[in-house]
Each structure stands twice: as C-alpha cells, then as structure tokens.
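Novice: Residue numbers (this note's numbering), protein chains in the order written: chain R, 1050 to 1438; chain D, 67 to 352.
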C-alpha cells in the first residue's frame, strides 16, 4: 500500500536524484567499462580493471577540467550481454566513452551501437585485425592483430631456426597470428613444416604435441589463449619435446605475467615476443607495477597495461578537447596521440586508429626468486602487419 | 603410432572413471544426473586446495577427493535427489542442470575463473621409452589406477552381495523391499560411490584435462557419449566405449588434426546407427 508519506518521500528522493543528475552532467564525464568480471575470462577483467584503477590512482580523477567517473559492468564474456550493456550505458547512463572488451566477438558486437550513438570505444584486450573496420569509433590500446607474432618470425629466422611447426588455437586471433608468423617466416627464408590448429574447447594437448614431436622441427611456434597456456606448457615439458631439441617460441600470451608463477620452472628459457613485460625497465613501468601490486595484489600483465593506456588516451583526448565530450571530436583528438606507456613508447595510427608499438623479444628467467619475461631485443614501431602493407 | 595408442588408452581410462558414476546412476538407477560433472569438478578442487594450500601429497589427495565427493553425493542424495527418482526425466534434467549452474557459479566465486594447476610429484613427470614407445609417467599412473578400479567395480557389482542387492533394488524396488532389502540405503551408497568415482576422476584428470569452473559443462558431452555408446549394461559397456572414444579422439586429432574434434561424434553416430541401444544392453532394466 502506498501511503502519502511514502509518496512524499519518494518524490523528494526523485527530485534529489535528478538534481544530482544535472549537476553531474555539467562537470563529470562518465566512462563505461565493460569487462568479463566473471566466467572463464574473469582474469582479463580483473587485470584490465586493475590497470584502469592504477591510472586513476597515479594521475588523479580529473581531465580536461572534468571529473572522471567509471561505471564498471560485467558482461561475463558473452557477446549479447556486451551489446545490451553497451546500449544501456550509452542510453541510460549517458557515458561519453566505452572502454574494455575482453574478446574479439565482444568488441564486434558493440560496433553497431557505436556507429549509431557516435560514442568512442577504446579496446583494452581484443586483438584481431578485423575489429577496427567495423566502426570508425574504435580505438585500440591492446595489440593490433599479429603484431607480436611477426617479430618472433624474424627473430627465429635470424637465430638459426629453419624448420618450424606452428600450433595455434582454432579461432580468429589464432588465424591472424598463424598467418602473420607464417608470411614473415617464409619471407625470411624459413620453412613451415606443418600448421596444426587445436580446437578452442580442447581437453588434452597430447595428440597435437605428439604430432609436433614426430615432425622433428627446430622449433614450434605457439599461440594459445592465456589460461590454457599454462596447461600447454606442462604437457610440452612432460612429453619431452624440450629434450628432443625442439625449441618453444610463442607470443607472450603463453608466458602471461599473471600465470608465470603458477607454470613454474618448466617455463624457464621459453622465448616469446610481446608488447609488455612486468619486468620492462623504465620509471613509468616501475610506478605502474608498484601501484597495481599494492592496490590489487596481483602482478600486472599485458591486459592491465591495456587498461592503463586506455585511460591515458581518454584523459589526453578530453584534455585536448577541453572537456568537450562529442564523440567525433574525441576520436579526432585520439588520432595520432603519442605517449610513453609502462610498456614503452606507443602511438595511435591516425589512419587506422590502431596502436603502433615496440615489440620485445623476451626470455623467461628467474629474478629475485620469481619468474619474469626478460626483454633482450626490440623491434621498433611495429604496425598491424595486415593493414600496413 | 603405439605412443598414440597409449595416449588414447590413458585418455579413455580417464573418461571411464569420470563417466562410470554416471553410467551407474543413469544405467542402474535410471536417474538422469547431468550434474555428474560437478562432482568431478568438486574432486578436482579438493585436490587443488589440499595440494596447493596445505601441501598434502598427491597420492593422499586421490582418496581424499573420493571421500569428500562421496560425502557430498550422499548428502545431496538424501536431501535432494531422493525426491526426484520417480519424477519424469525432464524434471530430473532441469533439476540437475540447475545444480550444474549453481556449482559453476560457486566454483567461480570461491576459486576464481582461472585454470587451476597442480604440480605432480617428480616421479610422475616426464616420460620414458619402451621399445620405441614414448610412455608418459603420469599417463601410465592413470591407466594403472583406472584398470584396477574397473576390475574392482565389475567384481563388486556382479560378485558381491551388495551388487546383487543393488541390481534387485533397481529392477523391482517393491519386491526387493518385500524381501527385506533396505532399498534407500542401497541407493544412497550407490549414489555416493558414483559421485566419489567422479571426484576421483576429477582429481586424476586435473593435470591432464585442466580444471576451471566450466569443467562440468565442458565434459558433460563426453560423459553422455560414453554412457550412450556404452549402453546401460553394468560396467563393461561404458568401459569399452570410453576406451574406444579415447583412442578415436586422440588418433583422430593426431592423424587428421583439421577434423580431429569431430571424430568422437562420428564414432558415436556410427555406433548408434548399428546398435541404437549402445554396445551392450541389459534385459529387464527399467
């Protein structure tokens, strides 16, 4: 039953809410953060959020004269939810920018919303090349397609690895990376003995690893999603591939900073190419790692740095537009932006809105009793190899 | 070639231990328990927690996983499952799939969504060669344990008093009760045994198959295939089915990597066309 007192109370509450709403609209900018916080990709969400919060803790919560407010929503890694949440955030919460998207299909699902609402979206994690063409409002701070795979191919060819088997997971990013590696490796005079694709829902790597072993290559180039990487590493060692003289080279997803400790010593000596290592030696990175370790109690990985740089891009764009939140102006401001991230120098390609960054070749080593990806070679300013040509 | 056969047998044996509990509840007690994988996952998590947080040896974790999941199974049987024995299959399916989602959410909440890793003892790592066949130690261990279990189960169900009481209770509960057999106790014990075996399978498989909160759904299909192909006769059917599927799956992925993921389904369809009730059927079952 609704009494008169209830009515008055709720009317008062409503009035206060709307007053607060108008006050906010004037001097706060809301940024919608959509991440898989639960489900199989929860670690991605946790890392990106830690990166976002670290940026705000280190750089304050105002940009372009406006107060920044984060609205975090969980899409559990399913694309229909991502799209629904994006719609709600744009229509109901009036966010000026969207940040996040753990996987390629999740980012793809949001493209129609962006095109209609003209709201910029900064991708912190998904990496396939195909995403960027779906909307002019996508900008990316994670990695552009097989950016990390191509330098690994060059490095392998230079270091005497002639015959290589590729082993990738059977989905979009896997094809991108396989193609990126294969094209470059052949150009550099190497030979791909075999290309193995492993189903995404794969319980046991045994048959695929045995196939690799029987092909007797110099090395196996691997791309598997981060979570499965640890399982893969164990079976790689158990099957004696390392003893058979087969080197393991990979993109950095396999030796993810977040999982390296759990994989343990089998990972020692693995060569990977990637855009970020928690061991990167720079003052920006030291501050970043310290902040994330203290606040979130985890070691930041490449997902976290994607979240951190997404926030930097949002702040810098707002500063450039003097707080104007018009989507088209924000995108224009983001194009060509250059800055020094914890990962090293990076920039946004004005033509593709995609990230241009250095790719490091790293080796897993023990430092202060913990395993780290230690960088020993750098490929400067790598573009998305599929688009740049 | 023989290495592939060996890997296939290890994989098949593991599938058998994981699925034989289901073939007991589905085949013998005629209850469609889709939550079977949740028990396997529980066994896996018991192992992970004991090993990683308390440093308990892997060998002790296996019986611990069995006992813990058997207890959970017994508790759930008494409180929940018992009420649904007479319900329609649709009700049973809806109920147990609900349990699966609750188990997934619970595992996600308490343990996190990431892959759990265990470090096997050193003597189970690596591999050795016998006449040119590469044999993984952990896989050999799995095969030995599972073979012992299969023999023990088959004997328990066919040669012991408990086994004949169980078969009697399943075939005609009223007459069995009239003969003085305590049917509900038998069912609790059987259900606990089935759950415990799943838990043991989850513990054994944590290293080979990985463990994350989606485990029950990921392997549900495999369990169902093993039980359907094996038929509902005692233990032999699922055992042979599990071996067949394990070898077919591993060999398929080795020789035809592009089509490898589908081989297991092709085998299932083929078997079911030739023998619609599975490899082995039992007369007189409900």
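Yeah, the Cβ is synthetic: ideal placement off N, Cα and C, and Gly gets one too.
Which residue's Cα is closest to the Cα of residue 1354 of chain R: R/1095, R/1089 and R/1090?
Specialist: In the first chain, counting from the first residue as 1, residue 1354 of chain R sits at position 305. For the residues R/1095, R/1089 and R/1090, the minimum Cα distance to residue 1354 of chain R belongs to R/1095.
Novice: Run down chain R in chain order and give the residues with a C-beta less than 7 Å from the C-beta of residue 327 of chain D.
Specialist: Residue numbering aside, residue 327 of chain D sits at position 261 when the second chain is read from its first letter. Neighbours of residue 327 of chain D on chain R, chain order: 1248.
Novice: Quick one: list the residues of chain R neighbouring residue 174 of chain D, beta-carbon separation under 8 Å, in chain order.
Specialist: Residue numbering aside, residue 174 of chain D sits at position 108 when the second chain is read from its first letter. Going along chain R in sequence order, the residues near residue 174 of chain D (Cβ under 8 Å) are 1087, 1088 and 1091.
Novice: What's the C-alpha gap between residue 1100 of chain R and residue 346 of chain D?
Specialist: Counted from its first residue, the first chain places residue 1100 of chain R at position 51. Counted from its first residue, the second chain places residue 346 of chain D at position 280. The straight-line gap from Cα to Cα measures roughly 57 Å.
Novice: Rounded to whole angstroms, what's the CA-CA distance from residue 1439 of chain R to residue 1274 of chain R? Just pull it up for me.
Specialist: With chain R running from 1050 to 1438 in the structure shown, residue 1439 of chain R is simply not present.
Novice: Do residue 1241 of chain R and residue 1282 of chain R have their C-beta atoms within less than 7 Å of each other?
Specialist: Position 192 of the first chain, counted from the first residue, corresponds to residue 1241 of chain R. Position 233 of the first chain, counted from the first residue, corresponds to residue 1282 of chain R. Cβ distance not < 7 Å, so residue 1241 of chain R and residue 1282 of chain R don't count as in contact.
Novice: Quick one: grab the DSSP three-state call for residue 1329 of chain R.
Specialist: Locating residue 1329 of chain R in the first chain gives position 280, counting from the first residue. Note: residue 1329 of chain R maps to coil in three-state DSSP.
Novice: Taking a contact to mean a Cβ-Cβ separation below 7 Å, would you say residue 267 of chain D touches residue 106 of chain D in this structure?
Specialist: Along the second chain, one-based indexing puts residue 267 of chain D at 201. Along the second chain, one-based indexing puts residue 106 of chain D at 40. Yes, these two residues count as a Cβ contact at 7 Å.
Novice: Report whether the distance from the Cβ of residue 1356 of chain R to the nearest heavy atom of the ligand SAM is below 6 Å.
Specialist: No copy of the ligand SAM occurs in the structure displayed, which carries no ligand at all.
Novice: Since residue 1289 of chain R meets chain D, which of its residues come closer than 8 Å, beta carbon to beta carbon?
Specialist: If you number the first chain from 1, residue 1289 of chain R lands on position 240. Chain D residues near residue 1289 of chain R: 192, 193 and 200.
Novice: With burial defined as no fewer than 16 other Cβ atoms inside 10 Å of the residue's Cβ, what is the status of residue 188 of chain D: buried or exposed?
Specialist: Mapped onto the second chain, residue 188 of chain D falls at position 122. Label assigned to residue 188 of chain D: exposed.
Novice: Give every residue of the same chain whose Cβ lies closer than 6 Å to the Cβ of residue 1122 of chain R, excluding the five residues on either side of it in the sequence, and list them in chain order.
Specialist: Taking the first residue of the first chain as position 1, residue 1122 of chain R is located at position 73. So the qualifying residues of the chain are 1083 and 1134.
Novice: Once you ignore the five residues that flank residue 1072 of chain R on each side, which residues in its own chain have a CB closer than 7 Å to its CB?
Specialist: The residue you call residue 1072 of chain R lines up with position 23 of the first chain. Unreliable positioning characterises residue 1072 of chain R in this predicted model, as indicated by a pLDDT of 44, which lies under 50. The coordinate reading is nonetheless provided below. Correct list: empty, nothing qualifies.
Novice: Under the rule that 16 or more other beta-carbon atoms within 10 Å means buried, what is residue 342 of chain D, buried or exposed?
Specialist: On the second chain, residue 342 of chain D is found 276 positions in, with the first residue counted as 1. The residue in question, residue 342 of chain D, is exposed, as its Cβ has fewer than 16 Cβ neighbours within 10 Å.
Novice: Please compile the residues from chain D whose C-beta is within a distance smaller than 9 Å of the C-beta of residue 1313 of chain R.
Specialist: On the first chain, position 264 is the one that residue 1313 of chain R refers to. Going along chain D in sequence order, the residues near residue 1313 of chain R (Cβ under 9 Å) are 183 and 185.
Novice: Residue 69 of chain D CB to nearest chain R CB: under 7 Å?
Specialist: Counting from 1 along the second chain, the entry for residue 69 of chain D is found at position 3. Residue 69 of chain D counts as touching chain R.
Novice: What residue ranges within the region 1135-1187 of chain R form continuous beta strand (DSSP E) runs of no fewer than 3 residues, ordered along the chain?
Specialist: Runs of the beta strand (DSSP E) inside the region 1135-1187 of chain R: 1146-1149 and 1170-1172.
Novice: According to DSSP, what are the bridge partners of residue 288 of chain D?
Specialist: Within the second chain, numbered from 1, the residue matching residue 288 of chain D stands at position 222. Bridge partners of residue 288 of chain D: none, in fact.
Novice: Output the boundary residues of the alpha helix (DSSP H) element that contains residue 312 of chain D.
Specialist: Residue 312 of chain D sits at position 246 when you count from the first residue of the second chain. Element bounds for residue 312 of chain D: 302-321.
Novice: From the DSSP output, read off the bridge partner residues of residue 1385 of chain R.
Specialist: What you label residue 1385 of chain R is simply residue 336 of the first chain in a count that begins at 1. Residue 1385 of chain R is not bridged to any residue.
Novice: Is there contact between the region 275-288 of chain D and the region 123-143 of chain D, where contact requires at least three CB pairs shorter than 8 Å?
Specialist: No, the region 275-288 of chain D is not in contact with the region 123-143 of chain D.
Novice: Give the residues of chain R in contact with residue 316 of chain D, contact being defined as C-beta atoms less than 9 Å apart.
Specialist: One-based indexing of the second chain puts residue 316 of chain D at position 250. Going along chain R in sequence order, the residues near residue 316 of chain D (Cβ under 9 Å) are 1253, 1255, 1256 and 1259.
Novice: Tell me which same chain residues have a C-beta within less than 6 Å of the C-beta of residue 1201 of chain R, skipping the five on either side of it?
Specialist: As a first step, residue 1201 of chain R is located in the first chain; it is residue number 152 there, counting from the start. The answer, listed in chain order, is 1298 and 1322.
Novice: To the nearest angstrom, how far is it from the Cα of residue 1068 of chain R to the Cα of residue 1217 of chain R?
Specialist: The count along the first chain starts at 1 and reaches residue 1068 of chain R at position 19. The count along the first chain starts at 1 and reaches residue 1217 of chain R at position 168. Reliability fails at residue 1068 of chain R, whose pLDDT of 47 lies under 50, so the model's placement of it is uncertain and the value that follows must be treated cautiously. Going from the Cα of residue 1068 of chain R to the Cα of residue 1217 of chain R covers about 54 Å.
Novice: Please identify the residue among D/303, D/127 and D/101 whose C-alpha is closest to the C-alpha of residue 111 of chain D.
Specialist: Here residue 111 of chain D is taken as the residue at index 45 of the second chain, counted from 1. Selected option, being the one with the closest Cα: D/127.
Novice: What separation, rounded to the nearest whole angstrom, lies between the Cα atoms of residue 287 of chain D and residue 85 of chain D?
Specialist: Position 221 of the second chain, counted from the first residue, corresponds to residue 287 of chain D. Position 19 of the second chain, counted from the first residue, corresponds to residue 85 of chain D. Cα to Cα, residue 287 of chain D sits roughly 10 Å from residue 85 of chain D.
Novice: Return the first residue and the last residue of the beta strand (DSSP E) that residue 1357 of chain R is part of.
Specialist: Residue numbering aside, residue 1357 of chain R sits at position 308 when the first chain is read from its first letter. That residue, residue 1357 of chain R, is in no beta strand (DSSP E); its alpha helix (DSSP H) goes 1351-1369.
Novice: Would you call the region 1213-1228 of chain R and the region 1259-1274 of chain R in contact, with 3 or more CB pairs under 8 Å?
Specialist: Cβ pair count under 8 Å is three or more, so yes.
Novice: Residues in the same chain with beta-carbon distance under 6 Å from residue 1356 of chain R, minus the five sequence neighbours each way, listed in chain order, please.
Specialist: The residue given as residue 1356 of chain R occupies position 307 in the first chain. Hits under 6 Å: 1097, 1100, 1101 and 1173.
Novice: Counting only beta-carbon separations shorter than 7 Å, does residue 320 of chain D have a partner in chain R?
Specialist: Within the second chain, the letter at position 254 stands for residue 320 of chain D. Yes - at least one Cβ of chain R is within 7 Å of the one on residue 320 of chain D.
Novice: At a Cβ threshold of 7 Å, is residue 1228 of chain R touching chain D?
Specialist: Translated into positions along the first chain, residue 1228 of chain R becomes position 179. No, because no Cβ of chain D sits closer than 7 Å to the Cβ of residue 1228 of chain R.
Novice: Runs of 4 residues minimum, wholly inside the region 199-243 of chain D: which ones carry the alpha helix (DSSP H) assignment?
Specialist: You should have 203-225 and 227-237.
Novice: With a cut-off of 7 Å, does the C-beta of residue 280 of chain D fall near any C-beta of chain R?
Specialist: On the second chain, position 214 is the one that residue 280 of chain D refers to. Closer than 7 Å to some Cβ of chain R, the Cβ of residue 280 of chain D qualifies, so yes.
Novice: How would you list, in chain order, the residues of chain R whose beta-carbon sits under 7 Å from the beta-carbon of residue 323 of chain D?
Specialist: The residue given as residue 323 of chain D occupies position 257 in the second chain. The contacting residues are 1245, 1246, 1257 and 1260.
Novice: Taking Cβ positions, are residue 1114 of chain R and residue 1372 of chain R nearer each other than 7 Å?
Specialist: In the first chain, the residue the question calls residue 1114 of chain R occupies position 65. In the first chain, the residue the question calls residue 1372 of chain R occupies position 323. Going by C-beta atoms, residue 1114 of chain R is nearer than 7 Å to residue 1372 of chain R.
Novice: Skipping 5 residues on each side, what residues in its chain have a beta carbon closer than 7 Å to that of residue 53 of chain D?
Specialist: The requested residue 53 of chain D is not part of the displayed model; chain D covers only 67 to 352.
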